[in-house]
Structure formats: structure tokens, C-alpha cells
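Trainee:
2 protein chains.
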Amino acid sequence: MNTSHRTISNVSVDCVIFGFDFEQLNVILVEREYLDPLTGDIVIKDFTLAGYHIFEDEDLDNAAYRILKDRTGLENIYLEQFGTFGKIDRVAKEKDQLWLKLIDQGFADRVLTVGYFALIDSTKVKLFSHGSKIQWFPMEEARKMELAFDHQEILQKALETLRKNVRTEPIAFELLPQRFTLTQLQKLYEVITGNSIDKRNFRKKKLQMPFIVPLKEKEDGVSHRPARLFHFSREIFDNTRNERFGNLF
Amino acid sequence: MNTSHRTISNVSVDCVIFGFDFEQLNVILVEREYLDPLTGDIVIKDFTLAGYHIFEDEDLDNAAYRILKDRTGLENIYLEQFGTFGKIDRVAKEKDQLWLKLIDQGFADRVLTVGYFALIDSTKVKLFSHGSKIQWFPMEEARKMELAFDHQEILQKALETLRKNVRTEPIAFELLPQRFTLTQLQKLYEVITGNSIDKRNFRKKKLQMPFIVPLKEKEDGVSHRPARLFHFSREIFDNTRNERFGNLF
């Protein structure tokens, strides 16, 4: 992490970075560990979202892009601000206060944090630890973990926003490779919404959508019968948007 | 404004308070005026959104409810956080820096602000000035005004979010009285979306929605033929939500 910048001590950004491995929705968490320097006992050992204080000399959105790049090396990624968290006591727990003092970014009794979620194709991303363990967790597991600060609440809100927005915006495709099968797309919708979907209906519906474009190629390197590959056409989606949406009620 | 609380100098809340007068979508703006104490010349005279710094001892959401109550007397109002604005230079203009020094809430070179929009039935609301002129402006006029700070950008983003969310959530009804006519509802959708709507289609579609419930009563005190009144049933809406919404694409 570049530390040549001065930070704003009472404002941070936290990124909920979602990925999909064709089986589950996953999220990146960073380990927070502090051992007592005399006894070696574990004082803090838990996980946080990927976050940091904002720099005095950067726009808020740029702080989120910086954190994402810092942890994944990725740029030009889908990133959406989904909420700002500002309960008085959100960093008041003893270990959280200790942690804030340890990371030495100036100290504030109270920190407000702005949440962004990122959607990445996790099949080809490398994570950067910068000295703290960083790893993907299945969302089903992460949502049951005791995370630092109010990060569990932030994670839930990110998922809720993702669930809501996949219904009206074509953001799910950000989680897939450029070329995907309908089975992969269905699985993705299922893990995001938490509901199983009828295969026949799903295929029928998707095949009618002009922006889900069949390719000549099929999967390769699979043991089952290779399925046809598709890609999402942003151009066709945008051009047909008005035909699809009126007021919904 | 209650000033017995200490404020956080680099974080504020701004409320975009929308109302509907059966003709236009309106928004509340507060005048900001400063005269040179020696010459009496106008140094600052423009408008801002209804906002304030957050207090050290209140949750972020409560700051928004406080500002809303302080300006309208209303509680239990529909309020939605729609974005946090944190460009480095958002309060850097000379008159904005002067104003921040004048209002004496502690001074910060840089202030991040959290935007909330409120939807109120403006037909029966009274505005509280607390020494600054406060008034409703038609949205069409407000969006062309030069507002303080980045408030024009915040206002646009609020409208954009409202436009998007009225398609999927029944929030437009917050802007209407308990009992309304279909003509009023249509006009409301027209002024929010900026598009005219075909009357016959609109009525047909609305009459099929079980949560738009016809009442026995009709309008009174109108010069035209009195129209039937309707009300929105939140209960029916919630109970029928799953029938209406699948994935939209």
C-alpha cells in the first residue's frame, strides 16, 4: 500500500469484491492479525473487507479504484457505490479501536466508511497480500463469519444491492468470462439470488434475448458433451433497452 | 437548528426533498446569503440543498432525519440514501470556502457529503426557515440554477435514482395524498420520468394492479366531473411481489 499520501482519519472506503468460480459466489477477505509482542498471544485474528482510509489528495471514487487495483491488480472494473455506513459505534469495539491505533493512519474515535462492490471474473485474477493474508471465501461461508467492525452488515448490504440490481441491469455478466455457457449463466443467477431456477424456462427466456449472442464455438476441455458458448452484447442491450422497460407497475 | 451538539467538520448530509403539487415535481432549496458587513454588498446569494454537518453523537441516518424534521416538521418520512459525494474540490470554490468559515461548524478544506432523498406529500407541509429563506422550486427550474458546492450534481443524481427506483419500487405513492385519482398518478409518473404517457394504456394497466385499490369516494371541490379516488395498498403490494418479479432479463 502506497503510504506517501496523507489519509483522512475518519473516512474510509471498503470494497466488497465479488467473484464467481462457476460453482459459488465468492468474496475477498483480508486477514487482520495482531500478536501480543511480549507473550506472542493472539490478540486479534479475524477478517475484514478490502478497505483503507481515503487519501487527502484523491477523489472518493478513486480511493475505491485504488484499493481494488492494490488487491487484484485490476483496473477498469465494474464498481458501484452502494452505501455509506456511519453508526456512532461502528468502530467502538475494543479490538477495532486497538487495530485502528496499530495501523497508524491517524486515529479517530469514529470512522465513516463508504461501501463499493466490485464484480470481477475471478477465474483469472491474482491477489496481492501486501503482508496480510488475502483470500476468496464462498459467500455462504463469509456471511456467517464474525468480521471486523460492521463489515458483516456491509457485506449483507452489498449482496442485497447486487441481488436487486441484477434484475434490472446487466451486471451479472461482469462476473463471467467473455464467453460463457447458458448453464454457467443460470448457475450464476442461482447463486446470486439464492433461488434455483427452472432450466427449461431459463434457456427459453435467455435464447429470446437478442443481447445474449450465440457463438459458433463450443466449450472445450470438458468431460461432458461440450455446450455452446455465448457472449453478452452491451451494444444490443443498450439499443433494445427502451423496448424492454416501461414502468414496471 | 440545535447547536448544543458538536459537529464533525468534514462530513455533512444533504437532503433532496421532493414534493408533488399535482402539476410539477418540486424540490426544497434554502437560500444562502452573506452581505459584506461594511458595504452591505451582496457577497453570497444563492441556494443550497437542505443540509448540515453531522453531529458527533448521532448515527448518519439520524442526521438525515434530523435535517428533514428541522426543515419540514415531518417524521417517519420516506428517506433513501443515494450516494456519497467526495471529490477533492467539491467545496473549494472561494464563496463556498467563505461560507463554511461563516457557518462556524469547525472548518475543513474538504467535506464529504452523504445524499439522501425524501419523498413527501407536499400538499400539507409547512417549511421552517430558521433565519434562511426556504422554498419549493419546480425541479425543471432548480436543475438549471447555479447551486452552492456540488449541489447541482447531487440534485441530478437524486432525480436519476428516483427515476430508476420508481420503476421497481412503489415509492411514487409517497408523493401523493392517501387518496388520489389516476390522473394525478399519471401526471406524477410523467413529471418524474420526463415522458408523457398514453392515458388509455396507463389506466388499463393500473386498473389491473391489485394494489391500486378503487375507493367508493370521488374527488370533491373540482370544476370537472369528479374522478374516482384510489389508494395504494402496501399489504397487497408486498403479498403479490413475487408473482410480479422474476429476473427481468
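Protein chains in written order, with our numbering: chain A, 1089 to 1337; chain B, 1089 to 1337. Glycine included, C-beta positions come from ideal geometry on N, C-alpha and C.
How would you call B/Phe-1337, buried or exposed, if buried means at least 16 neighbouring beta carbons within 10 angstroms?
Mentor: Reliability fails at B/Phe-1337, whose pLDDT of 44 lies under 50, so the model's placement of it is uncertain and no value is given.
Trainee: Determine the chain A residues that contact B/Gln-1169 at a beta-carbon separation under 8 Å, and present them in chain order.
Mentor: Simply Gly-1171 and Thr-1172.
Trainee: Can you tell me the Cα-Cα spacing of B/Asn-1041 and B/Ile-1324, whole angstroms?
Mentor: Residue 1041 of chain B cannot be examined here, being either before or after the span of chain B that is shown, 1089 to 1337.
Trainee: When you check each C-beta in the stretch 1211-1245 of chain B against every C-beta of chain A, which residues fall closer than 9 Å?
Mentor: Flagged: no residues at all.
Trainee: Using a cut-off of 7 Å between C-beta atoms, extract the partners of A/Asn-1200 located in chain B.
Mentor: This sequence places Leu at residue 1200 of chain A; Asn is not what is there. Near A/Leu-1200 (Cβ distances below 7 Å), the residues of chain B are Val-1099 and Leu-1148.
Trainee: Would the stretch 1141-1160 of chain A and the stretch 1245-1256 of chain A be scored as touching if the rule is three or more Cβ pairs under 8 Å?
Mentor: The stretch 1141-1160 of chain A vs the stretch 1245-1256 of chain A: no contact.
Trainee: Does any C-beta atom of chain A lie closer than 8 Å to the C-beta of B/Ser-1092?
Mentor: Chain A contact via Cβ: absent.
Trainee: Taking a cut of 8 Å between CB atoms, which residues from the stretch 1118-1148 of chain B lie near chain A?
Mentor: Going along the stretch 1118-1148 of chain B in chain order, one finds Ile-1142, Glu-1144, Asp-1145, Glu-1146, Asp-1147 and Leu-1148 with a Cβ nearer than 8 Å to chain A.
Trainee: Using the beta-carbon of each residue, which ones in chain A are nearer than 8 Å to B/Lys-1287?
Mentor: Correct list: empty, because the minimum Cβ distance to chain A is about 14 Å.
Trainee: Taking only runs of the beta strand (DSSP E) that begin and end inside the stretch 1094-1130 of chain A, which ones reach a length of at least 3 residues, in chain order?
Mentor: Counting whole runs of 3 or more residues, the stretch 1094-1130 of chain A contains the beta strand (DSSP E) stretches 1095-1108 and 1113-1123.
Trainee: Distance cutoff 8 Å, beta carbons only. Does A/Ile-1324 sit that close to anything in chain B?
Mentor: By this cut-off, A/Ile-1324 is not an interface position.
Trainee: By DSSP's criteria, A/Trp-1224 is part of a beta bridge. Which residues make up the other side?
Mentor: Beta-bridge pairing links A/Trp-1224 to A/Ile-1116.
Trainee: Any contact of the stretch 1153-1168 of chain B with the stretch 1195-1202 of chain B, i.e. 3+ C-beta pairs under 8 Å?
Mentor: Output reads no: the stretch 1195-1202 of chain B does not touch the stretch 1153-1168 of chain B.
Trainee: Terminal residues of the continuous alpha helix (DSSP H) containing A/Gln-1274?
Mentor: Residues 1270-1281.
Trainee: With respect to the alpha helix (DSSP H) encompassing B/Arg-1159, which residues constitute its N-terminal and C-terminal limits?
Mentor: Segment 1148-1160, the alpha helix (DSSP H) holding B/Arg-1159.
Trainee: Would you give the residue range spanned by the beta strand (DSSP E) that B/Glu-1305 belongs to?
Mentor: Segment 1300-1306, the beta strand (DSSP E) holding B/Glu-1305.
Trainee: Taking the CB atoms as reference points, tell me whether B/Pro-1298 and B/Phe-1318 lie closer together than 8 Å.
Mentor: The answer is no: Cβ separation not under 8 Å.
Trainee: Mind checking whether A/Val-1079 and A/Phe-1106 have CB atoms under 8 Å apart?
Mentor: Residue 1079 of chain A lies beyond the stretch modelled for chain A, which goes from 1089 to 1337, so this question has no answer here.
Trainee: Report yes if the C-beta distance between B/Asp-1158 and B/Phe-1216 is below 8 Å; otherwise report no.
Mentor: Their beta carbons are under 8 Å apart, which means B/Asp-1158 touches B/Phe-1216 by this criterion.
Trainee: Please state the DSSP three-state secondary structure of A/Leu-1336.
Mentor: Because A/Leu-1336 carries a pLDDT of 46, less than 50, the predicted location of this residue cannot be relied on, and the following value inherits that uncertainty. Note: A/Leu-1336 maps to coil in three-state DSSP.
Trainee: Are the stretch 1179-1199 of chain A and the stretch 1124-1136 of chain A in contact at 8 Å, needing three or more beta carbon pairs?
Mentor: Taking 8 Å as the limit for Cβ pairs, the verdict is that the stretch 1124-1136 of chain A does touch the stretch 1179-1199 of chain A.
Trainee: Using a Cβ-Cβ cut-off of 8 Å (strictly less than) and excluding sequence neighbours within five positions of A/Asn-1335, which residues of its own chain qualify?
Mentor: With a pLDDT of 45 at A/Asn-1335, under the threshold of 50, the modelled position of this residue cannot be trusted, and the question is left open.
Trainee: By DSSP, does A/Ile-1242 sit in helix, in strand, or in coil?
Mentor: Note: A/Ile-1242 maps to helix in three-state DSSP.
Trainee: In chain order, which beta strand (DSSP E) runs of at least 3 residues are fully inside the stretch 1174-1237 of chain B?
Mentor: Runs found: 1200-1208 and 1222-1226.
Trainee: Using a Cβ-Cβ cut-off of 6 Å (strictly less than) and excluding sequence neighbours within five positions of A/Phe-1110, which residues of its own chain qualify?
Mentor: Gln-1272.
Trainee: Would the beta-carbon of B/Thr-1095 fall within 8 Å of that of B/Gly-1194?
Mentor: Yes, Cβ-Cβ distance for B/Thr-1095 and B/Gly-1194 is below 8 Å.
Trainee: Return the CA-CA distance between A/Asn-1098 and B/His-1141, expressed in angstroms with no decimal places.
Mentor: So the alpha carbons of these two residues sit roughly 14 Å apart.
Trainee: With 8 Å set as the bound, which would you pick, yes or no: does the beta-carbon of B/Ile-1176 sit closer than that to a beta-carbon of chain A?
Mentor: True, the Cβ-Cβ gap to chain A drops below 8 Å.
Trainee: Below 7 Å on C-beta distance, what does A/Thr-1269 contact in chain B?
Mentor: Within chain B, no residue comes near A/Thr-1269; the closest Cβ sits about 17 Å away, beyond 7 Å.
Trainee: Should B/Asp-1177 go down as buried or exposed, given a rule of 16 or more other Cβ atoms within 10 Å for buried?
Mentor: By the 10 Å Cβ count, B/Asp-1177 comes out exposed.
Trainee: Among the residues of its own chain, which have a CB less than 7 Å from the CB of A/Leu-1113, if the five just before and after it don't count?
Mentor: Excluding positions up to five away in sequence, the list reads Phe-1106, Met-1227, Val-1279 and Ile-1280.
Trainee: What is the rounded straight-line gap between the Cα of A/Ile-1300 and the Cα of A/Ala-1230?
Mentor: Between A/Ile-1300 and A/Ala-1230, the C-alpha separation is close to 31 Å.
Trainee: So if DSSP puts B/Ala-1138 in a beta bridge, which residue, or which two residues, is it bridged to?
Mentor: Per DSSP, B/Cys-1103.
Trainee: Determine whether the beta carbon atoms of B/Lys-1352 and B/Glu-1119 lie at a separation below 8 Å.
Mentor: Since the displayed chain B opens at 1089 and closes at 1337, residue 1352 of chain B lies outside it and no answer follows.
Trainee: Can you check whether the C-beta of A/Thr-1095 is within less than 8 Å of a C-beta belonging to chain B?
Mentor: It does not: the Cβ of A/Thr-1095 has no partner Cβ on chain B nearer than 8 Å.
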